[in-house]
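K.L.:
In our numbering, the protein residues as written are 15 to 355.
#1: Starting from residue 256 and walking both ways along the alpha helix (DSSP H), at which residues does that stretch end?
#2: Is it buried or exposed, residue 322, if we count other Cβ atoms within 10 angstroms and call 16 or more buried?
#3: Pull the bridge partners of residue 121 from the DSSP assignment, please.
#4: Relative to the C-alpha of residue 161, which residue among 184, 336, 198, 138 is closest?
#5: Kindly indicate which residue of 251, 185, 170 has the alpha-carbon position closest to the one of residue 214.
#6: Where does the unbroken alpha helix (DSSP H) through residue 266 begin, and where does it stop?
#7: Looking only at C-alpha atoms, which of 23, 31, 179 sits nearest to residue 337?
#8: At 4 residues or longer, what runs of the alpha helix (DSSP H) sit wholly inside the stretch 285-345?
#9: In the DSSP assignment, what residue or residues form a beta bridge with residue 111?
#10: Give a yes or no on contact between the stretch 169-183 and the stretch 89-105, applying the rule of three or more CB pairs nearer than 8 Å.
#11: Quick one: what's got a C-beta closer than 8 Å to residue 65's C-beta in the same chain, skipping five residues either side?
#12: Measure the C-alpha to C-alpha separation of residue 231 and residue 25 and round it to an integer number of angstroms.
#13: Write down the C-beta distance between residue 102 and residue 131 rounded to the nearest angstrom, noting that I regard them as a contact closer than 8 Å.
#14: According to the neighbour-count rule (16 or more other Cβ atoms, all chains shown, within 10 Å of its Cβ), is residue 345 buried or exposed?
#15: Short of 8 Å in beta carbon distance, which residues of its chain neighbour residue 238, apart from the five on each side in sequence? Order them along the chain.
#16: Classify residue 243 as helix, strand or coil using the three-state DSSP reduction.
#17: When you compare only the Cα positions, how much space is there between residue 339 and residue 193?
#18: Which residues in the same chain as residue 297 place their Cβ atom closer than 8 Å to its Cβ, once the five residues preceding and following it in sequence are excluded?
#19: What three-state label does DSSP hand residue 282 in the structure shown?
#20: Looking at C-alpha atoms only, which residue of 183, 156, 44 is the closest neighbour of residue 203?
#21: Give every residue of the same chain whose Cβ lies closer than 6 Å to the Cβ of residue 44, excluding the five residues on either side of it in the sequence, and list them in chain order.
#22: With a CB to CB cut of under 6 Å and the five nearest residues on each side skipped, what residues in its chain are close to residue 241?
#23: Could you spell out where the alpha helix (DSSP H) holding residue 173 opens and where it closes?
#24: When you compare each of 222, 299, 243, 283 to residue 260 by their alpha carbons, which one comes out closest?
#25: By Cβ distance below 6 Å, which residues in the same chain neighbour residue 134 in space, the five residues on each side in sequence not counted?
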């Protein structure tokens with residue numbers, strides 16, 4: 015096992031958790047996209063498998079080379095990264111690819127490659143907040159020098175993401191709150207930020223309604239109302255996901271034997287956890303949840319040993335964002351949380 019220690023630095027259990035989650039995702043995507051393959055790709059069931067495999071390989075390469083770089087490099091590029099993503103978010107909002115009243119994607123010319131700018135923004139903002147909090151640790155309790163310079167980028171970035179993607183904006187905002195708590199910002203300042211964000215959100219909804227540019231607001235409102243009322247006719251996606259979970263039982267139907275993948279509109283993304291429970295049962299769901307908990311637990315153990323504030327905040331911020339988003343996705347799939355968008 016010496017070659018593993020040579021080429022893969024850090025905690026082995028973190029690498030193992032990431033690898034296992036990737037394998038699970040590969041199996042789940044391949045199984046859940048069979049119907050879609052026949053519908054859109056002439057029965058080429060390997061299309062989505064190959065596409066997801068490329069994403070996994072690319073992600074592993076990024077992860078591998080990123081872990082070889084000294085963390086201080088990320089501290090140096092934090093400001094630059096934020097300056098890059100803010101115009102990209104604005105460009106996406108104004109002229110991005112529109113799908114279901116939401117502009118979330120930018121398409122690169124010539125190569126015709128689309129990407130979600132909010133994914134870059136998440137990493138850039140976490141980098142910036144981690145850097146800002148770490149360099150201000152000596153004055154971390156001060157309102158002007160530590161709190162105000164941090165909250166403005168948070169409100170700007172989350173505000174640019176919000177109109178098209180409420181869930182991503184909410185997860186990123188919560189991650190920043192968590193980072194501020196870990197970074198020793200006073201609780202009254204964190205509470206103030208929550209109140210400010212609430213006021214800004216209310217103003218956004220009010221102004222959008224007045225000028226007639228509601229966008230996704232109607233969708234958010236309808237989904238929350240349907241969740242509260244429990245209207246099964248309106249909650250078609252949730253109903254199908256609940257059927258998948260209920261029929262999965264303890265050990266599931268087995269890989270590739272899902273039936274609800276034929277009825278769920280997005281079985282490979284928004285409701286993939288429901289397909290996993292249907293095919294692998296509660297035991298499979300428990301394995302997934304355990305892997306995410308293990309990932310977060312191991313990162314917490316590592317950061318407790320770190321003497322550097324930036325390294326601690328960066329690691330815990332990235333991990334919290336990943337695990338929290340996964341938990342929200344799972345909660346939506348089992349109807350513990352309203353469908354976001």
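All residues carry an ideal CB built from backbone N, CA and C; glycine is no exception.
P.N.:
Put simply:
#1: On the chain shown, position 242 is the one that residue 256 refers to. Taken as a continuous stretch (DSSP letters only), the alpha helix (DSSP H) holding residue 256 covers 250-262.
#2: Translated into positions along the chain shown, residue 322 becomes position 308. Looking at its Cβ environment, which holds fewer than 16 other Cβ atoms inside 10 Å, residue 322 is exposed.
#3: In the chain shown, counting from the first residue as 1, residue 121 sits at position 107. Per DSSP, 128.
#4: As a working note, residue 161 is residue 147 in the chain shown. Comparing Cα-Cα distances from residue 161 to each of 184, 336, 198, 138, the minimum goes to 198.
#5: Your numbering for residue 214 matches position 200 in the chain shown. Answer by Cα proximity: 170.
#6: As a working note, residue 266 is residue 252 in the chain shown. From DSSP, residue 266 is part of no alpha helix (DSSP H); its letter is neither H nor E.
#7: Residue mapping note: residue 337 aligns to position 323 of the chain shown, counting from 1. For the residues 23, 31, 179, the minimum Cα distance to residue 337 belongs to 31.
#8: 286-319
#9: Indexing the chain shown from 1 puts residue 111 at position 97. Bridge partners of residue 111: 119.
#10: yes
#11: For this step, residue 65 is matched to residue 51 along the chain shown. Once the five neighbours on either side are set aside, residue 65 has no close Cβ partner at all.
#12: Translated into positions along the chain shown, residue 231 becomes position 217. Translated into positions along the chain shown, residue 25 becomes position 11. In a straight line, the C-alpha of residue 231 is about 43 Å away from that of residue 25.
#13: For this step, residue 102 is matched to residue 88 along the chain shown. For this step, residue 131 is matched to residue 117 along the chain shown. Yes, residue 102 and residue 131 are in contact; Cβ-Cβ is about 5 Å, under 8 Å.
#14: For the purposes of this step, residue 345 is taken as residue 331 along the chain shown, with counting starting at 1. By the neighbour-count rule (16 or more Cβ atoms within 10 Å), residue 345 is not buried but exposed.
#15: Here the question's residue 238 lines up with position 224 in the chain shown. Result list for residue 238: 352, in chain order.
#16: Along the chain shown, read from residue 1 onward, the residue named residue 243 stands at position 229. Looking at residue 243 - three-state DSSP - the assignment turns out to be helix.
#17: For the purposes of this step, residue 339 is taken as residue 325 along the chain shown, with counting starting at 1. For the purposes of this step, residue 193 is taken as residue 179 along the chain shown, with counting starting at 1. Looking at the two C-alpha atoms, the distance is approximately 15 Å.
#18: The count along the chain shown starts at 1 and reaches residue 297 at position 283. Excluding positions up to five away in sequence, the list reads 264, 265, 266.
#19: Position 268 of the chain shown, counted from the start, is the residue given in the question as residue 282. Three-state result, residue 282: coil.
#20: The residue labelled residue 203 in the question sits at position 189 within the chain shown. Checked all of 183, 156, 44; the closest Cα to residue 203 is 156.
#21: Position 30 of the chain shown, counting from 1, holds the residue named residue 44. So the list reads 63, once near-sequence residues are dropped.
#22: Locating residue 241 in the chain shown gives position 227, counting from the first residue. These residues qualify, in order along the chain: 352.
#23: Within the chain shown, residue 173 is the residue found at index 159, counting from 1. Residue 173 -> alpha helix (DSSP H) spans 162-175.
#24: The sequence position of residue 260 within the chain shown is 246, counting from 1. Residue 260 has its Cα closest to that of 299, out of 222, 299, 243, 283.
#25: One-based indexing of the chain shown puts residue 134 at position 120. 99.
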